[in-house]
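Structure (structure tokens):
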């Protein structure tokens, strides 16, 4: 900007923001945080007995897998894309880690297994990110392809073993339950810090949000969209591989159905956490932490409150609809698509 | 001569949230007139007409149409009663037939029990097209087969029929070439002669002065003045209108004042024998401190040249070279210091659903990034500097771009490249849909850029702007260069037009 | 506001319960909550199991919570068990051998006992005996059709076929094929086929009209818990009957769409709602055998759990957890089916159950000082179709 | 001449598929039983008809909303839920016709509910349909004792719409309903306009609410057809955790493929042909004992990708077609 053009013209008076306007503007954030607080309070109330610590660590065990994957998924969702193959990828990765781990043996086996899976996850990320662009496909189609592919691969792999369930010989989790919880919390916190850094303070986060908000504009402003799409999907890949490992630590085993439903669960988690499915500038990394814990605590609360098993899904559906009505409702104009 | 009043608006107010778009407006429209509506962006011109035509509802106030209270439910409702409106943006529906485009809102007239008779629809549509004298458009064809001009004509056909009493043209001409404009002018004059009423909104002062019989000026949601034809013909009319619009003296300095067409010797950008699409073998050398302008009708290929220079077009042969390096993608272009202001501001140049600051710093992110870290402080410093420098009206950099007016939006898309400190800036219609105050500001920015040694390509459909700003003017027609002019005080629009059509 | 009210109500209810529990003295068994992880959401077996358990709640002072386990996802099962523990269950009944080691670790940690029902825990038995069956929190399991060395289901099929041929001398079954679930899920089904073949070979040595069987083909005859291929009946041309070691529904649907439901007979293990309409001489007369496990067999894990929860023990309680077989209903005539239709399995009426709440109470160590483990095991041998007649 | 060409182009794919499967199965030893080649048996026709009819109905229901610019995630759940209603009531009354009627009515009611939630909630379509999918799935546990319905398809008197010739009734009805909506009704024409330029459509006076609800009535009818076939061929289990989305995804292959094949004729014929082709493929895989395993999934995945790629390149392919026709002229 040429220096002499800078004048002292005052920028227009800042409008006063009333509390109500603030509430309206941040209804999304507030709802998701309030939701978490509510389910957490209910959790404390209904679990105040001797099993409190036990139940808390159960919640941590379940939610940490979701959280790890969701932290990666935020990058993809902030571009307005989604990946429906996450669940099947997790299934195949867990099986592969066990097969490779057992073949090589010991701790090195686990490491080799994890690295192999990580490589595979990165390749899938590249397919999801790049192939869709090259072939002119919506990203959902490549992820559908991967979903079918990995469903098949999981079945074939398990049939190859001739067993219902395979087990990793090397122990991968601390014996004590509390130590295990601490390990999971540590993983989630470290990963969340890394993800938050990349999301807030690096090109990755800024570019994925820009792509989600307007891909053409991003491209014309110097964003190599293909490259960053691939990187974002690879970031998800890393997190899916990590999430698979965390899942593996829970049981040390895997089966035909391992990981099933994770793609949808992660999506619901992110929505509950306040992530807009269309991506863009309203995307936020906190959704990946708030969502999973809300989701798991909610399930837990409903069971402990003694809601009939058949009614739990109904209640969950109503809560989901209520939250999206509060947060995603479009006020005027044409019907949203 | 007393004309019959057809529409009367009393005490109309319209609020968009805290923004007051219309403040207690009283205005009347008469038969047999072409009423121009002018005002800066956000002054309320389109708000009045869109309420009149049923697109939205007023917050308060009354309307009377032919003496009766008037409250249209939808645009079609208004159209059935004789008030039609053509909008600025392309409003045809792709992948549908011409007939469907024309009659989609009125299928009920051709259907029984919800079953529509497409044969009848096609016949009626063709009849209508013929009656407008545009028989070359066939009702049963897909709209995709027709170009931009023809589509606009289809839109006009959709709006205007025998029952049309009031015809609103909302900045339609900005999107039209000269040919299209002529057709539209003919139509509104015919309507006027048939004792109908026309309301004409435009940013183009010359057009307004030429075509309108009356003029109403708005500012900040209030009527600031009415001019008759006689007053419009007065020698200082333009100055007076501008004063009414802006509310202060514009001053003489509007375009560049100097006629020095020199530039620095260094070459900033070279287009070598570009061949792509219909464009064959185009070459251009742009120097530092030079403004090269492109003029022509909208389909003449000048926009494509701008895109090609920014690496957005796939070249069949030839090359774009900057500082010895060939530029093949827009990424390379940006990295080598080229900036591009797209004419499709809202869809290509800006992230509407995002903060101003993020828009401004987006091209500069690689420069801000140190070992992957991008400091929020540095970002804020950069964006605040631009917001201040460009006097972008906003609360702060976190405000979203879609809350800004057109002119301020355009300032944001300018500031992206000044923040990046690009040396070559390609501007495609930089002042389209921007009001006078902002325009004046932009021209000053461009002139200062030249002085700083930036190289500029200015593509525009407004000849006056080109004549006023550029060192070298290239006129194109049918994808070929027809004439080049150099900067001179004697250059007149009439000299140029013949090379355009 | 509503929530405050709700919380208030819950607190009130809780304190009432506590007060009642305190005043209740030690007259009856301790209030217990048992989580039941069933293998399916719906169907006659889960429904009748729930109906049976519901009838016991009052007498045994026990409350039941249900969840559904999966056959393929260990992590999901653990989460379900954790939810049951979170719901304050004192004991858990499990129907799936999937991730048992990890599940038992959870149970141990929370001090919750675990026992099996309708599942032989074969994978754990063979591969993980020490961690599962020796785990003090695993109390044992009951399954129908025999466990380990007591296998005899293949013979049941053969006997049933013989019975059918005797009853229909004009139109005997002379050509059969097999279907089973995959070995990874049900390792003994292949063994049942071999048992059948062994009997058949023996029979054919002497019989006037031998019974032909299509050799068992892994790729055609193993069903992945989905209906049999449409090409099955092309691949097994000319058969008179299918020996369906798995649930009949996976074959019947394809039979109907292939139009062979009237010509080919179906001998099936595992009853599905509606099978009775086409059983024996009814309807299309497709089904000729059904093997069903009585829901009352859940008494075995239930009693073991309640003993532990009440802190009592049978004197003859074995040191390590056992897996016990229970007899199944072998239904292979119209008369059998009529009896079966009156059972709790189809009526969901606890009045039709083989055991009354008092019977069950007397089987427990706290309800009856003289009750023994042997006695509990003994009742598992009295869940035949004949017992329904009594 | 033009018609012949259209017929040729339309039939090209199924014929290729058939030939390919014929060659593959003929060279596979598993496809011979006692020297009998099982691929070329009456089973083939029966399987293809039964399978294709089901596919056509679901694919048309998905396509109808897709054509209106809406990806309705809840189609699978709506089908399962209406099948449970239809199955239980059909079973109680003992009449497949009443079952069919209930299927149609309940599917329309459910679809309209989806539309109401979408319109009044003013939520993005994918979010609102995920919401109602969760709701419908949870309802499958709550209606009729939460046991789904298993007796319907087992009873040959009830399952007439799951076999030949009864299966043609819902399948043809679905095609007629789709064609009627798409080509003849005001709503269908307007839906096309809204799909292509929503705000322009609204501006020229199309009532979006009215249009949306009408489109859902029609897609509801088609879902009803799909559910009576599904119900007559399968045990219907209660569902949870968005498991019904797998129903959607497995039929979406035929939608993508059908849109591509339909370029030569129209959508309905295209989807019909695509359904037949996929059924031939499935049957061939069944013959080789690959029908239910992992390979089938992988092949499906490849088809999804291949056909979407082709249909996304439709513009280029159409240009190619035009070039070819011009040369001939």
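Chains as they are written, first to last, in our numbering: chain U, 1 to 337; chain Y, 338 to 838; chain V, 839 to 1228; chain G, 1229 to 1557. Yeah, the Cβ is synthetic: ideal placement off N, Cα and C, and Gly gets one too.
Residue from 583(Y), 763(Y), 753(Y) and 708(Y) whose Cα sits closest to the Cα of residue 606(Y) | Put simply, of 583(Y), 763(Y), 753(Y) and 708(Y) the residue whose alpha carbon is nearest the alpha carbon of residue 606(Y) is 763(Y).
Closest by C-alpha distance to residue 753(Y), when choosing among 725(Y), 372(Y), 700(Y) and 734(Y) = Relative to the Cα of residue 753(Y), the nearest Cα in the group 725(Y), 372(Y), 700(Y) and 734(Y) belongs to 700(Y).
Which residues, taken in chain order from the segment 77–103 of chain U, show a beta carbon closer than 7 Å to some beta carbon of chain V?
-> Flagged: no residues at all.
C-beta neighbour in chain V for residue 255(U), strict 7 Å | True, the Cβ-Cβ gap to chain V drops below 7 Å.
Which chain U residues sit within Cβ distance under 7 Å of residue 668(Y)?
-> Those within 7 Å of residue 668(Y) in chain U are 222 and 224.
Verify the CB distance criterion: does residue 1169(G) have a CB-CB separation below 7 Å to chain Y?
-> No answer is possible for residue 1169(G): it lies beyond the span of chain G, which begins at 1229 and ends at 1557.
Measure the Cβ-Cβ separation of residue 535(Y) and residue 371(Y) and say whether it is below 7 Å.
-> Contact flag set, yes.
Interface flag, residue 205(U) vs chain V, CB-CB below 7 Å | Residue 205(U) does not count as touching chain V.
What in chain V is Cβ-close to residue 1266(G), meaning under 7 Å?
-> Within chain V, the residues whose beta carbon sits less than 7 Å from that of residue 1266(G) are 1069, 1072 and 1073, listed in sequence order.
Ignore the nearest five residues each way along the sequence and tell me which others in residue 1142(V)'s own chain have a CB closer than 7 Å to its CB.
-> 953, 977 and 978.
Applying a beta-carbon distance threshold of less than 9 Å, which residues of chain Y neighbour residue 280(U)?
-> Per Cβ cutoff of 9 Å: 688, 690 and 691.
Have a look at residue 741(Y) and residue 690(Y) and give me their C-alpha separation to the nearest angstrom.
-> In a straight line, the C-alpha of residue 741(Y) is about 11 Å away from that of residue 690(Y).
Entirely enclosed alpha helix (DSSP H) segments - the segment 1007–1068 of chain V, minimum 4 residues = Residue ranges of uninterrupted alpha helix (DSSP H) with 4 or more members, entirely inside the segment 1007–1068 of chain V and ordered along the chain, are 1027–1044 and 1056–1059.
At a Cβ threshold of 7 Å, is residue 1528(G) touching chain U?
-> Yes, its Cβ sits closer than 7 Å to a Cβ of chain U.
Assign residue 1249(G) to buried or exposed, taking buried as 16 or more other Cβ atoms, counted over all protein chains shown, within 10 Å of its Cβ.
-> Answer is buried; the Cβ neighbour count reaches 16.
For residue 649(Y) and residue 666(Y), the rounded distance between their alpha carbons = Taking the straight line joining both Cα atoms gives about 6 Å.
Could you spell out the range, first to last residue, of the alpha helix (DSSP H) harbouring residue 1417(G)?
-> Here the alpha helix (DSSP H) through residue 1417(G) covers 1414–1424.
Run the CB neighbour count on residue 1231(G), radius 10 Å, all protein chains shown included, and call it buried at 16 or more, exposed below.
-> Burial call: exposed.
Count the other CB atoms within 10 Å of the CB of residue 464(Y); is the residue buried (16 or more) or exposed (fewer)?
-> Flag for residue 464(Y) reads exposed.
Alpha-carbon spacing of residue 336(U) relative to residue 189(U), whole angstroms = Our two residues, residue 336(U) and residue 189(U), have alpha carbons roughly 36 Å apart in a direct line.
Segment limits, alpha helix (DSSP H) that includes residue 1154(V) | Counted as a single uninterrupted DSSP element, the stretch harbouring residue 1154(V) is not any alpha helix (DSSP H), since DSSP gives it neither H nor E.
At a CB-CB cut-off below 7 Å, which residues of chain V make contact with residue 54(U)?
-> Here the neighbours are 923, 947 and 948.
Alpha-carbon spacing of residue 312(U) relative to residue 58(U), whole angstroms = Linking residue 312(U) to residue 58(U) through their CA atoms gives a straight-line distance of about 19 Å.
Counting only runs that start and end within the segment 1069–1108 of chain V, where is the beta strand (DSSP E) found for 3 or more residues in a row?
-> As summarised for the segment 1069–1108 of chain V, the continuous beta strand (DSSP E) elements at least 3 residues long and confined to that stretch are 1079–1082 and 1103–1107, given in chain order.
Please confirm if the segment 715–723 of chain Y is in contact with the segment 655–674 of chain Y, defined as three or more CB-CB distances below 8 Å between the two stretches.
-> The segment 715–723 of chain Y, when compared against the segment 655–674 of chain Y, does not touch it at the 8 Å Cβ threshold.
Name, please, each residue of chain Y whose Cβ falls closer than 8 Å to the Cβ of residue 1405(G).
-> Against chain Y, the beta carbon of residue 1405(G) has no neighbour under 8 Å; the closest one sits roughly 13 Å away.
Are the C-beta atoms of residue 878(V) and some chain U residue less than 7 Å apart?
-> No, residue 878(V) does not count as interfacial toward chain U.
Note down, in chain order, every chain V residue with its Cβ under 8 Å from the Cβ of residue 1511(G).
-> Ordered by position in chain V, the residues that pass the 8 Å Cβ test against residue 1511(G) are 1068 and 1069.
Identify whether residue 818(Y) lies in helix, strand or coil by the three-state DSSP scheme.
-> When DSSP states are grouped into helix, strand and coil, residue 818(Y) belongs to the strand group.
Using a Cβ cut-off of 9 Å, pull out every chain G residue sitting near residue 553(Y), in sequence order please.
-> In chain order: nothing, as chain G lies at least about 24 Å away.
Could you tell me the distance, in whole angstroms, from the CA atom of residue 1079(V) to the CA atom of residue 1106(V)?
-> The straight-line gap from Cα to Cα measures roughly 10 Å.
If contact means a Cβ-Cβ distance below 7 Å, which residues of the segment 360–389 of chain Y contact chain G?
-> Answer in chain order: no residues at all.
On a CA-only basis, which of 883(V), 1185(V) and 1135(V) is nearest residue 1197(V)? Give me that one, please.
-> It is 1135(V) whose Cα lies nearest to the Cα of residue 1197(V).
From residue 207(U) to residue 227(U), what distance separates their C-alpha atoms?
-> If you take the alpha carbons of residue 207(U) and residue 227(U), they lie about 10 Å apart.
Below 8 Å, can you find three or more Cβ-Cβ pairs linking the segment 550–568 of chain Y to the segment 379–391 of chain Y?
-> Output reads yes: the segment 379–391 of chain Y touches the segment 550–568 of chain Y.
Sequence-distant residues of its chain with Cβ nearer than 6 Å to residue 862(V) (five each side left out) | Because the pLDDT at residue 862(V) is just 43, under 50, the model does not fix this residue reliably, and the point stays unresolved.
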